[in-house]
Structures are given as C-alpha cells and as structure tokens.
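What the sequence shown shows, in the working numbering, is residues 1 to 220, in sequence order. Note that beta-carbon positions come from the ideal geometry of N, C-alpha and C, so glycine has one too. First the structure, in the form of structure tokens, and then the observations on it.
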Amino acid sequence: MSTRNNSSEELSRELEAFLLCPTPAAWLKWALQNQTLLLIDHANCEKKAASNAMGLMYRHVAYTDLLIKMSQLAREELLHFEQVVGLMAGRGIVYQRIGPSRYAAGLREHMRTDKREEILTDSLIVGAIVEARSCERFAKLAPLLDKELGKFYLSLLRSEARHYKDYLTLAAKYTAEDITSRVQHFLAVEKQLIESEDDEFRFHSGVPVRAGSSQHTEPA
C-alpha cells in the first residue's frame, strides 16, 4: 500500500513540474457532481487516444520506434476503454455518444501545418500533454471517488505517465530542432484551456461557468 502511494505521489510531483497549472478545485467539484458524464467521456478519451495512436502509425510507417510505441499505446488505451465500459455497466450507466470538449481542438489549433516533420513533432507534443493532463486528473480524482473507482484510477497512473514520456521522447527523436520551445508553447495554451470557463462538463474541460450551479449537476 505504502509503495503504491509513494509511487503515485512521485508521479504527481513529476506531472506538476511538467504541466504549468494543476487541475482547479472547481473542476474536481464539478467532476464529483457529474460522475456519469465523467465515466462516459473517460471512455471516449481512451477510444480517441487509441485512434490517434493508430493514425500516427498509418501516417508515419518508416519510423520503427514510433510504430512499436504507438502499437503498444493503442492496445493499452483500448484495454482501458474496455475497463471503463465494464465499470459503467456495473453501475447501470449506458455508454452513449457525447460531443467532445474544446480541449483537444484548442491544442491542435496551434499545430504547424506546412512541413511533415513539424506536423509530426507538434502531434507528438500535443499527445504528450493530453496524456500528462489525463494522468494528473486521475491522481487528483482518485482519493475523492468511491473505493472501486478510485482504485481503478490509481491503476492507470503508471501507463498514462509512460505514454506522455513516450510521446515526448519520440517528438525529440524525429526532429533536428530543440523541442523545448514548442513544448512550452503548447503547455501555455493548455494552461489557458484548463483555467478558462466551460459550460459543459467533460474530462478535459476547464472550470464551470458557475461552479456548483444546479445546471451543471446530475439529477439526484
């Protein structure tokens, strides 16, 4: 127990050092008020992460390390998707289609589009930041949720942390440029997205327009 807790704390500190802001307390409160949506959108995020990894594999067939890492990542994300859907079924929650948050699109808006190498670099950096934020939110949510869900979220930390590191490693490997400035650019964009207001709750949404307002909570 203590070993896992220590590992989780170390990961949390590492993520806090990487990301430019923590998840706001207002979002955590919002998540607890919308646990059905939390799980549905979490499942969507896992499925989308697998799809993004496979997309990189199809577009960049000459990069062996990328193919191997993204294949592993896609398998793990699909396993997580299955696990989330299973948890939902056990709670009587029906998986359904919901619209995405503005988070991923907001990051992609800042990607370069002219050169193939730059597109790949930015895609990998964005992937790293999304995985890092997901991991950070799992760690923040885990102690606030019921025992089953909290334990599950803690179990995801190690793989999600590895994913963000793999993305960053690949981003640095397949370009001649120093990626530091690009990483910091996207982190600044991400900070703005996380700290600004959203009127719909999603796993990667910002803070609620009115934290705790009845229009953002699930019916009792």
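Does the beta-carbon of residue i, which I'm using as the reference point, lie nearer than 6 Å to any heavy atom of the ligand SAH?
i, result
"K147", "Summarising the ligand content, the structure contains no ligands, and the ligand SAH is consequently not present."
On a CA-only basis, which of the options is nearest residue i? Give me that one, please.
i, options, result
"L73", "M54, V189, A132", "M54"
"Y95", "D199, S8, Q35", "Q35"
"A43", "F186, E77, S8, G127", "E77"
"L157", "A172, L168, E136", "E136"
"Y174", "I129, R182, Y63", "Y63"
"I129", "G99, I194, Q83, I98", "I194"
"F152", "F81, M57, I98", "F81"
"V207", "S7, L28, E10", "L28"
"R75", "I98, H60, A49, V189", "A49"
"E109", "E117, V189, H60", "V189"
"G99", "E200, K191, V209", "E200"
"C21", "E148, K47, R210, Q192", "Q192"
"R97", "L56, L37, Q83", "L37"
Here's a check: name, in chain order, each residue in its chain whose Cβ is nearer than 8 Å to the Cβ of residue i, leaving out the five neighbours to either side.
i, result
"G150", "L141, A142, P143, L144"
"S196", "G206, V207"
Just list the residues that DSSP pairs residue i with in beta bridges.
i, result
"E9", "DSSP lists no partner for E9."
"V84", "According to DSSP, which records beta bridges pairwise, V84 is partnered with nothing at all."
"P208", "D198"
Go through its chain and collect everything with a Cβ distance to residue i's Cβ below 6 Å, but skip five positions before and after it.
i, result
"D166", "K69"
"R202", "D41, S101"
"I125", "A171, R182, V183, F186"
"S248", "The shown model of the chain, from 1 to 220, leaves out residue 248, and the question about it has no answer."
"L67", "M57"
On the criterion of 16 or more Cβ atoms from any shown chain inside 10 Å, does residue i qualify as buried, or is it exposed?
i, result
"L32", "exposed"
"D122", "buried"
"G79", "Gly is not the amino acid found at residue 79; the sequence shown has Leu there. That one is exposed."
"A25", "exposed"
"G198", "Position check: residue 198 holds Asp in this sequence, whereas Gly was assumed. Its Cβ being crowded by 16 or more others within 10 Å, D198 is buried."
"Y103", "buried"
"V61", "exposed"
"S134", "buried"
"S51", "exposed"
I want to see whether chain D comes within less than 7 Å of residue i, judged by CB atoms only; does it?
i, result
"L37", "Given the protein chain composition of this structure (a single chain), no chain D is represented."
In its own chain, which residues sit with a C-beta less than 7 Å from the C-beta of residue i, not counting the 5 before and 5 after it?
i, result
"A132", "L15, F18, L19, Y164"
**Message:** Below 8 Å, how does it come out for the segment 180-199 and the segment 86-94: are there three or more Cβ pairs, yes or no?
**Reply:** At 8 Å Cβ cutoff, the stretches do not touch.
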